[in-house]
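So the structure is just underneath, and the comments pick up after that.
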Amino acid sequence: MSSKLEQLQALLAPVVEALGYECWGLEFISQGRHSLLRVYIDRPEGILIDDCEVVSHQVSGILDVEDPISGEYTLEVSSPGMDRPLFTLEQFARYVGEQVKIKLRTPFERRRNFQGILRGVEEQDVVVLVDDHEYLLPVDSIDKANIIPRFE
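Residue numbers for the sequence shown follow our numbering, beginning at 5 and rising by one.
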(Lines of atoms letter the chains of each structure in order from A and count residues from 1; the text may use other names and numbers.)
(Lines give C-alpha, C1' and ligand atoms only; values in the text may rest on other atoms or scores of the structure.)
Protein backbone atom coordinates (compact mmCIF):
# COMPACT_ATOMS: atom_id res chain seq x y z
CA MET A 1 0.00 0.00 0.00
CA SER A 2 1.38 3.41 -0.93
CA SER A 3 2.14 5.91 1.80
CA LYS A 4 -0.59 8.25 0.45
CA LEU A 5 -3.13 5.43 0.65
CA GLU A 6 -1.97 4.53 4.18
CA GLN A 7 -2.28 8.19 5.20
CA LEU A 8 -5.80 8.43 3.78
CA GLN A 9 -6.82 5.10 5.37
CA ALA A 10 -5.57 6.25 8.80
CA LEU A 11 -7.43 9.54 8.42
CA LEU A 12 -10.75 8.27 7.02
CA ALA A 13 -11.33 4.76 8.44
CA PRO A 14 -12.09 6.05 11.99
CA VAL A 15 -14.59 8.56 10.55
CA VAL A 16 -16.39 5.86 8.53
CA GLU A 17 -16.43 3.46 11.49
CA ALA A 18 -17.71 6.17 13.86
CA LEU A 19 -20.73 6.49 11.54
CA GLY A 20 -21.46 2.76 12.00
CA TYR A 21 -19.98 1.40 8.76
CA GLU A 22 -17.05 -0.82 7.95
CA CYS A 23 -14.38 0.97 5.93
CA TRP A 24 -13.96 -1.83 3.38
CA GLY A 25 -11.09 -0.11 1.58
CA LEU A 26 -9.83 2.85 -0.38
CA GLU A 27 -8.62 3.38 -3.92
CA PHE A 28 -6.60 6.46 -4.75
CA ILE A 29 -5.92 7.01 -8.43
CA SER A 30 -3.67 9.94 -9.22
CA GLN A 31 -4.26 11.23 -12.74
CA GLY A 32 -1.93 14.16 -13.14
CA ARG A 33 -3.53 17.22 -11.60
CA HIS A 34 -6.88 15.50 -11.05
CA SER A 35 -7.20 12.47 -8.77
CA LEU A 36 -9.93 10.06 -7.71
CA LEU A 37 -10.48 8.89 -4.14
CA ARG A 38 -12.95 6.01 -3.86
CA VAL A 39 -14.06 4.95 -0.38
CA TYR A 40 -15.81 1.57 -0.08
CA ILE A 41 -18.18 1.16 2.86
CA ASP A 42 -20.08 -1.90 4.03
CA ARG A 43 -22.35 -3.18 6.78
CA PRO A 44 -24.23 -6.45 7.32
CA GLU A 45 -27.60 -5.14 6.11
CA GLY A 46 -26.10 -3.68 2.93
CA ILE A 47 -25.51 -0.17 1.67
CA LEU A 48 -28.07 2.26 0.29
CA ILE A 49 -27.48 5.52 -1.59
CA ASP A 50 -28.38 7.44 1.61
CA ASP A 51 -25.52 5.65 3.42
CA CYS A 52 -23.08 6.78 0.74
CA GLU A 53 -24.39 10.33 1.03
CA VAL A 54 -23.93 10.43 4.83
CA VAL A 55 -20.38 9.07 4.63
CA SER A 56 -19.49 11.31 1.67
CA HIS A 57 -20.59 14.40 3.60
CA GLN A 58 -18.49 13.50 6.67
CA VAL A 59 -15.43 12.37 4.69
CA SER A 60 -15.58 15.48 2.52
CA GLY A 61 -15.54 17.67 5.65
CA ILE A 62 -12.49 15.86 7.03
CA LEU A 63 -10.68 16.12 3.69
CA ASP A 64 -11.43 19.85 3.51
CA VAL A 65 -9.97 20.42 6.98
CA GLU A 66 -6.96 18.08 6.77
CA ASP A 67 -6.25 18.72 3.06
CA PRO A 68 -4.21 15.52 2.43
CA ILE A 69 -4.65 15.56 -1.36
CA SER A 70 -2.93 18.24 -3.40
CA GLY A 71 -4.74 19.49 -6.47
CA GLU A 72 -8.23 18.64 -7.65
CA TYR A 73 -9.84 15.32 -6.85
CA THR A 74 -13.16 13.54 -7.05
CA LEU A 75 -14.52 11.76 -3.99
CA GLU A 76 -16.69 8.67 -4.52
CA VAL A 77 -18.29 6.66 -1.73
CA SER A 78 -19.54 3.25 -2.79
CA SER A 79 -20.64 -0.19 -1.69
CA PRO A 80 -18.10 -2.92 -2.51
CA GLY A 81 -20.83 -4.54 -4.64
CA MET A 82 -21.06 -8.14 -5.83
CA ASP A 83 -17.64 -8.06 -7.49
CA ARG A 84 -16.18 -6.62 -4.32
CA PRO A 85 -12.54 -5.63 -4.29
CA LEU A 86 -10.33 -7.33 -1.69
CA PHE A 87 -7.72 -5.21 0.07
CA THR A 88 -6.55 -7.03 3.22
CA LEU A 89 -5.52 -10.55 4.22
CA GLU A 90 -8.56 -10.64 6.53
CA GLN A 91 -10.85 -9.94 3.58
CA PHE A 92 -9.20 -12.66 1.49
CA ALA A 93 -9.66 -15.08 4.41
CA ARG A 94 -13.40 -14.24 4.56
CA TYR A 95 -13.91 -15.28 0.93
CA VAL A 96 -12.03 -18.61 0.81
CA GLY A 97 -13.73 -20.88 -1.74
CA GLU A 98 -14.86 -18.03 -3.99
CA GLN A 99 -13.71 -17.33 -7.54
CA VAL A 100 -11.30 -14.38 -7.66
CA LYS A 101 -9.53 -12.31 -10.26
CA ILE A 102 -6.15 -10.94 -9.19
CA LYS A 103 -3.81 -8.54 -10.99
CA LEU A 104 -0.24 -8.13 -9.74
CA ARG A 105 1.91 -5.00 -9.91
CA THR A 106 4.82 -7.02 -11.34
CA PRO A 107 4.85 -10.44 -13.06
CA PHE A 108 5.09 -13.64 -11.01
CA GLU A 109 6.17 -16.69 -13.00
CA ARG A 110 5.86 -14.53 -16.15
CA ARG A 111 2.22 -13.53 -15.55
CA ARG A 112 0.38 -10.69 -13.85
CA ASN A 113 -3.23 -11.91 -14.09
CA PHE A 114 -4.64 -14.83 -12.13
CA GLN A 115 -8.21 -16.09 -12.08
CA GLY A 116 -9.20 -19.05 -9.95
CA ILE A 117 -10.44 -20.33 -6.61
CA LEU A 118 -9.29 -18.51 -3.47
CA ARG A 119 -7.84 -21.32 -1.35
CA GLY A 120 -6.71 -19.37 1.69
CA VAL A 121 -4.12 -17.14 3.29
CA GLU A 122 -0.66 -18.25 4.45
CA GLU A 123 1.26 -15.63 6.41
CA GLN A 124 1.52 -12.68 3.97
CA ASP A 125 0.48 -14.67 0.88
CA VAL A 126 -2.85 -15.26 -0.83
CA VAL A 127 -3.28 -18.84 -2.10
CA VAL A 128 -5.10 -19.17 -5.43
CA LEU A 129 -5.82 -22.35 -7.40
CA VAL A 130 -5.56 -21.71 -11.16
CA ASP A 131 -5.87 -24.63 -13.60
CA ASP A 132 -4.90 -27.25 -10.96
CA HIS A 133 -1.84 -25.24 -9.87
CA GLU A 134 -1.64 -23.40 -6.54
CA TYR A 135 0.03 -20.01 -6.50
CA LEU A 136 1.15 -18.17 -3.37
CA LEU A 137 0.86 -14.49 -4.24
CA PRO A 138 2.35 -11.96 -1.80
CA VAL A 139 -0.44 -9.61 -0.71
CA ASP A 140 1.92 -6.63 -1.10
CA SER A 141 2.37 -7.38 -4.81
CA ILE A 142 -1.39 -7.42 -5.54
CA ASP A 143 -2.48 -4.38 -7.51
CA LYS A 144 -6.15 -5.32 -7.71
CA ALA A 145 -8.26 -8.26 -6.55
CA ASN A 146 -11.98 -8.83 -6.97
CA ILE A 147 -14.54 -11.52 -6.21
CA ILE A 148 -16.14 -12.95 -9.35
CA PRO A 149 -19.89 -13.00 -8.59
CA ARG A 150 -21.77 -16.27 -8.89
CA PHE A 151 -25.25 -16.22 -10.40
CA GLU A 152 -27.04 -19.47 -9.57
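For glycine and all other residues, C-beta sits at the position ideal for the given N, C-alpha and C.
Please read all numbers here as calculations on a predicted model, not as lab measurements.
Going by alpha carbons, who is nearest to residue i out of the options?
| i | options | result |
| --- | --- | --- |
| residue 125 | 60, 100, 115, 62 | 100 |
| residue 94 | 28, 17, 23 | 28 |
| residue 150 | 137, 107, 136 | 107 |
| residue 56 | 73, 35, 85 | 85 |
| residue 139 | 36, 70, 112, 147 | 112 |
| residue 105 | 65, 87, 47 | 87 |
| residue 41 | 8, 145, 49 | 8 |
| residue 72 | 39, 48, 25, 97 | 39 |
| residue 50 | 92, 103, 118, 24 | 24 |
Mind checking residue i: buried by the 16 CB within 10 Å criterion, or exposed?
| i | result |
| --- | --- |
| residue 30 | buried |
| residue 53 | exposed |
| residue 12 | buried |
| residue 120 | buried |
| residue 32 | buried |
| residue 155 | exposed |
In whole angstroms, what is the alpha-carbon distance linking residue i and residue j?
| i | j | result |
| --- | --- | --- |
| residue 153 | residue 83 | 15 Å |
| residue 43 | residue 135 | 33 Å |
| residue 133 | residue 46 | 27 Å |
| residue 76 | residue 123 | 40 Å |
| residue 114 | residue 145 | 14 Å |
| residue 70 | residue 109 | 30 Å |
| residue 22 | residue 137 | 42 Å |
| residue 97 | residue 65 | 33 Å |
| residue 62 | residue 148 | 27 Å |
Starting from residue i, follow its DSSP beta bridges and name the residues at the other end.
| i | result |
| --- | --- |
| residue 25 | Beta-bridge pairing links residue 25 to no other residue. |
| residue 119 | 105 |
| residue 131 | 124, 140 |
| residue 45 | 27 |
| residue 76 | 38 |
| residue 32 | 41 |
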